[in-house]
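Note that my numbering numbers the sequence shown so that position 76 is 63, with each residue one more than the last. All C-beta atoms in this analysis are idealised placements derived from N, C-alpha and C, irrespective of residue type, glycine included. All values derive from a computational prediction rather than experimental measurement.
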Amino acid sequence: MNVLLKELQAYHHEVAIKITRIKELLRKMKHESDAADDCKLLFKMLEALHGDAERHHHENEELIRLALLTTEAPIHQRVKDIERDHQAFGRIAGQLKTLEDTTLETRVIADTVDDFIKKYFDHMDSEENIFFPLADKWLSDDQWQEITRQWH
Ligand SMILES: [Fe+2]
């Protein structure tokens, strides 16, 4: 597999580990009456999913996706959805941040974050099983060179 795709996949692996920890914390929070400290920790963990690394990861994937659209590759609907996902995650990240300043119940926060995590896993799944293999098969060496030049 192309070295850039491997890099994206390695990032997914790191994120999956972080998300699994967040899920464990959420499960714990749902069974506690006072979860203020856990809530603080939760938002700290979520921050790791909204930083520069995350933004660059999505920008890099967009470089590949746009190159793929110029090829004859059959574009699966789930590949088309990836752009929409990337925009949505940016929006959701902002919404999650505002949750921190509200006094919503723990359960509401936990459900919102749970929903985000589910979408994120589905998104990574589409990328790894449909998008990356397509890019690996269809992009030319010249295209990969151009992508490398713009890579973050
Ligand atoms: Fe990704």
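Under the three-state DSSP convention, the category L(-9) falls into: helix
Closer than 6 angstroms: H49 CB and nearest ligand 1 heavy atom: Here the sequence assigns Glu to residue 49, which means His is not the residue at that position. Flag unset: Cβ of E49 not near ligand 1.
The region 5 to 21 contacting the region 99 to 116, beta-carbon criterion three pairs below 8 angstroms: yes
Beta-carbon proximity list for H37, same chain, < 8 angstroms, skipping 5 on both sides: A80, L83 and K84
I62 versus D129, S113 and H(-1), residue with shortest Cα-Cα distance: S113
Integer-rounded CB distance, given that R52 should sit under 8 angstroms from I69: 6 angstroms
Member of A22, H44 and D129 whose CA lies at the smallest distance from the CA of H0: H44
beta-carbon E1 near ligand 1 non-hydrogen atom, thresh 6 angstroms: no
Cβ neighbour criterion (16 or more within 10 Å) applied to N116: exposed
Under the three-state DSSP convention, the category I4 falls into: helix
L28, DSSP secondary structure in three states: helix
Short Cβ contact (7 angstroms threshold) for W125 with T58: yes
Separation of L55 from A122, as counted between CA atoms: 6 angstroms
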